[in-house]
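Beneath this line is the structure, given in structure tokens, with notes to follow.
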Amino acid sequence: MSIQSLALKTATLIALISVALPAPTQQLSTNQTVKDGDKPVATLQTATVPTTIVLTISSASPLSYGEDVGGYALVNSSDGTALSGTVTFYDGATNICTIPVTQTTSCPASAGTGFVTGTHMLTAVYSGDATHQGSTSNGVPVVVLPDVTTLSLASSANPAGYGGAVTFTATAQGDHATPTGQIEFLDGGNLIATATLSPGGVASIAESALTLGTHPITVRYAATQNFGAAESAVLNEVVQASSAMATSTTLASSANPASAGQSITFTANVVTVGQTLAPSGTVTFLDGSSVLGMAPLNGVGLATLTTSSLAPGSHTISANYAGSGATAASSSAPLTETVSGTSTLSPAPFTLTVAGTPNVIAGEGVNLVITVAPRAGTIQPVQLTCDGLPAESACTFGTATLPANGGTTTLQISTMSPHSCASDTPYSQNAGIPLGAPVLAGFFILFLPRRGRRSMKNLLMVLIATCGIATLMGCGNCSDLGTRPGDYTVQVVGTSTGAITSKVITKIALHVTVP
């Protein structure tokens, strides 16, 4: 018995085509004499001892391109006698290697060169010797997949000076072998150059045409038969000017002139002089020497600030760009913003609430609690008034103007009782309609001429209706009823004044009842 091993550094697997030695035309036994008629001619030594060979692949399938293929061939003679000759390993019909059966050796790693991705059938063939017949092993399929590829990228200078050459170096690696072929260098998805990988998997380019700014550089490897596709991580290459570039700042208004309280957007546009680079950094907006606010530049060099707090009058607005590492500072020309009139700010910057029960008997008063609170920060002083009061009533505030930080005060609504009355019952609910005057008037009409009688008839009807209503309302007792009973909607109004007027109206349901 002899064991021959197969250890190949292969990038592919093998498709086996069984190969067997040709059979002899005549099977002769050992030391058989060959005669010509009755005359002996020769004594032949023939291989008569059968052999078997078994191939075993120890590596798990599938494998990756470049991964070792391990296995061995076991050769046996049927009578246990010693074997000589060779064992040849095949990938299909392709000879991988041949090694002596008498030696404990392996196929050299170089024998695996040329194995490609795919399915391969491996076999082992024993050559036989003078006394042993040759034999062919079983076929063992092995599958090889493309190797996994990884890419890395490096820059010779980052940040780099504008106009200077930058060398980008890409390294391609496989899990079990080194990729071959070409790779692409890209700037934000745009192809810069193509380079061929060295035997060690390295490729480089020198680039001097990068513009000012940040460039997302990557390298890409397209899939081949034996290696998978790959793309590197992004390398952000910064190209900056050797000295700060000059900039120019302009300023524009969305509304000029504007009304007080109107929303105005100021836009600063910062550009580099003679370059296409969009500056980065911050712009400060000023009203005279007072800072209105700050805003960052976007990707195209614009910064905006929106305000509605400019007081009526003329405002000198300017924008100051602070500059950055690559760009110099600059300021806009002054912009004269004109704000006219007054306006009402909505929603108001404060709230107004009323607490208490607004029920009152005519002739009496009711006290309520008024609270003014700023929504945020501070506010202008708030002046309090009433609107929608019933006749012969009044409202009085404990403090008619609350301070800038708000506060609490009282509201008294006072009513008037009936007065100038002939009795103590101002609202006569059971009194009958005084018909004396109408009856007397009717009697008088009988003595008028016919034409005058028609006019007086109409007058009489008005008189009857008026006296009936007056009696129901109590006019038979009082000449002034004061605050009439009923339901009223009273408005409590809070107004803050200044450059911008703010107003809040809170409604209350006032219920006036009979004494």
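Read in order, the letters of the sequence shown are residues -22 to -1, 1 to 493 in mature numbering (1 follows the signal peptide of the UniProt record, and there is no 0).
Heads up, the beta-carbon is just placed ideally off N, CA and C, and yes, glycines get one too.
The structure presented is a predicted model; accordingly, all values stated were derived computationally and were not measured.
Note on the stretch 277 to 338: whole beta strand (DSSP E) runs with a minimum of 3 residues are 280 to 285, 291 to 299, 313 to 318, 328 to 333, in chain order. In this structure, Ser237 keeps its C-beta atom at 9 Å or more from the C-beta atom of Gly366. Per the Cβ contact rule, the stretch 269 to 285 is not in contact with the stretch 196 to 203 (fewer than 3 Cβ pairs under 8 Å). Shown here for Ser62: same chain residues with a beta carbon closer than 7 Å to its own, the five before and five after excluded, namely Val79, Thr80, Asp107 in chain order. Classified as buried, Leu188 has 16 or more neighbouring CB atoms from the shown chains inside 10 Å of its CB. Less than 9 Å divides the Cβ of Thr227 from the Cβ of Val261. For Ser133, the three-state secondary structure derived from DSSP is strand.
Taking Arg353 as reference, the option from Val360, Ala207, Ala326 with the minimal CA-CA separation is Ala326. When the Cα atoms are used, Thr314 and Phe244 turn out to be separated by approximately 12 Å. At least 9 Å separates the beta-carbon of Gly252 from that of Pro274. Here the alpha carbons of Val471 and Thr284 stand approximately 30 Å from one another. In the DSSP assignment, Asn168 falls within the unbroken beta strand (DSSP E) covering 168 to 174.
In this structure, DSSP gives His154 a state outside helix and strand, which the three-state scheme calls coil.
Considering only Glu185, Leu330, Ser115, Thr109, the residue with the shortest C-alpha distance to Val482 is Leu330. DSSP places Pro78 within a strand segment (E or B) once states are collapsed to three. For Ser42, the beta-bridge partners assigned by DSSP are Leu123.
Distance from Val144 to Ser133 at the Cβ level is roughly 6 Å; contact confirmed, criterion being Cβ atoms closer than 8 Å. Nearest to Glu209 by C-alpha distance, out of Thr484, Thr149, Val248, Ala230, is Thr149. Looking at the backbone, the Cα of Ile161 and that of Thr202 are separated by about 11 Å. CA-to-CA, the gap between His154 and Ala211 works out to about 21 Å.
A straight line joining the alpha-carbon of Leu288 with that of Val360 spans about 20 Å. Judged by DSSP in its simplified three-state form, Leu275 adopts coil rather than helix or strand.
In the same chain as Leu270, and ignoring 5 residues on each side of it, the C-beta atoms closer than 8 Å to its own belong to Phe244, Phe263, Leu264, Leu283, Thr285, Ile295, in chain order. Look at Leu488 here: in three-state DSSP terms it is strand.
Cβ-Cβ separation between Ser395 and Ala340: approximately 5 Å, consistent with a contact (criterion under 8 Å). For Leu255, the secondary structure class from DSSP, reduced to helix, strand or coil, is coil. One alpha carbon belongs to Ser457, the other to Thr374, and they sit about 27 Å apart.
Within the DSSP bridge table, the entry for Tyr140 names no partner. Nearest to Pro177 by alpha-carbon distance, out of Ile357, Thr363, Gly159, Leu169, is Gly159.
Taking C-beta atoms under 8 Å as the contact rule, Glu370 and Thr491 fail to qualify, at a distance of about 15 Å. The beta-bridge partner set that DSSP reports for Val212 is empty. Met99: member of the beta strand (DSSP E) spanning 96 to 104, first to last residue. When the beta-carbon positions are compared, Ser36 and Glu45 stay at least 9 Å from each other. Closest option to Asn136, judged by alpha-carbon separation, among Leu169, Asn168, Leu190: Leu190. Secondary structure of Glu185 (DSSP, three-state): strand. Following the DSSP letters along the chain, one finds Gln160 inside the beta strand (DSSP E) bounded by residues 160 to 165.
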